[in-house]
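Sequential numbering from 1 applies to the sequence shown in our numbering.
The structure appears below as structure tokens.
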Amino acid sequence: MKRADLPVGIFDSGVGGLTVARAVHQLLPREEIVYLGDTARLPYGDKSPATIQRYAREDLGFLRQCQIKAAVVACNTATAHALKTLRAEFDLPVLGVVEPGVEAAISATCNGHIGIIGTAGTISSRAYQNALLAKRDDLQLRAAATPLLVPLIEEDWLGHEATGLILSEYLKPMQAATIDTLVLACTHYPLAKPQLAAALGPGVTLVDSAENMALALERELSRHDLLRSASSNQLGRVRVHVTDLSPQFEKLARRFLGDKIHDLQAVQLDEA
Ligand code: DGL
């Protein structure tokens, strides 16, 4: 099999990275996708950097065994703490979500006031803050850990009144800082876009890491001559693996990807 015909591997701590899988499938429908959600060990957002690096190494080790041609670390926390390690240890293109999100935020902002929301791990790593300031040192940044959002999304509580209250509490400092751009620095947050937009009001652009990640992957595959050829008009399959398969995951996964999921199964990871 030609290397370009091999699948793209995508991993996340759980279901949120399916937003990236969906964006990749929409932009590059011919690509085969192998997804791994480490649902048994979710959340990554409050773990130490050393643990996240170990988990990320095991996640990518699993995908590597599936003969992938390139990997996407869809998890922001894993990108923030483990991308460098993974790139050093694995001999294949490995993309993370921080860089594409940073580029999109810089193109989106007019007043240079940018908000960033993510897990405690992502925000405390300063990965987004440093990457943004490295590109434009005049930016005014307001970063906040918003740890309640992942469980609210996982529990399907977005429509709940309590979620609206929590969001306005989280976003008050962002509004006071007159941000015009908010980076959704967590895999799950694109799912809360309507609620975030409603809480922020008009005039704030939401930067979605999923869409930007898909564009960055397209550029990277084409740079390495690894895009699946245009002559292959077959739709790529999406195979989903999880370390714990709960009915809740299955429901969310089907909501994200519907009939695009070709296979959904529980797997065990080898320890690194
Ligand atoms: N996937 C994680 C992220 O993007 C959010 C969920 C978790 O904490 O594991 O940071």
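Each residue gets a CB set at the ideal place from its N, CA and C atoms; glycine is no exception.
Run through DSSP, which three-state label would residue i get?
i, result
"residue 214", "helix"
"residue 64", "helix"
"residue 254", "helix"
"residue 234", "coil"
"residue 19", "helix"
"residue 132", "helix"
"residue 271", "coil"
"residue 246", "coil"
"residue 155", "coil"
"residue 149", "helix"
"residue 3", "helix"
"residue 228", "coil"
"residue 222", "helix"
Can you check DSSP and say which residues form a bridge with residue i?
i, result
"residue 141", "114"
"residue 263", "239"
"residue 8", "33, 70"
Tell me the residue span of the alpha helix (DSSP H) that contains residue i.
i, result
"residue 121", "120 to 125"
Can you check the stretch 23 to 106 for any beta strand (DSSP E) of at least 3 residues that lies completely inside it and give the ranges in chain order? 33 to 37, 70 to 73, 94 to 96
Identify every run of the beta strand (DSSP E) within the stretch 162 to 217, keeping only runs that are complete inside it and at least 3 residues long; order them along the chain. If you keep only unbroken beta strand (DSSP E) runs of at least 3 residues inside the stretch 162 to 217, you get 181 to 185, 205 to 208.
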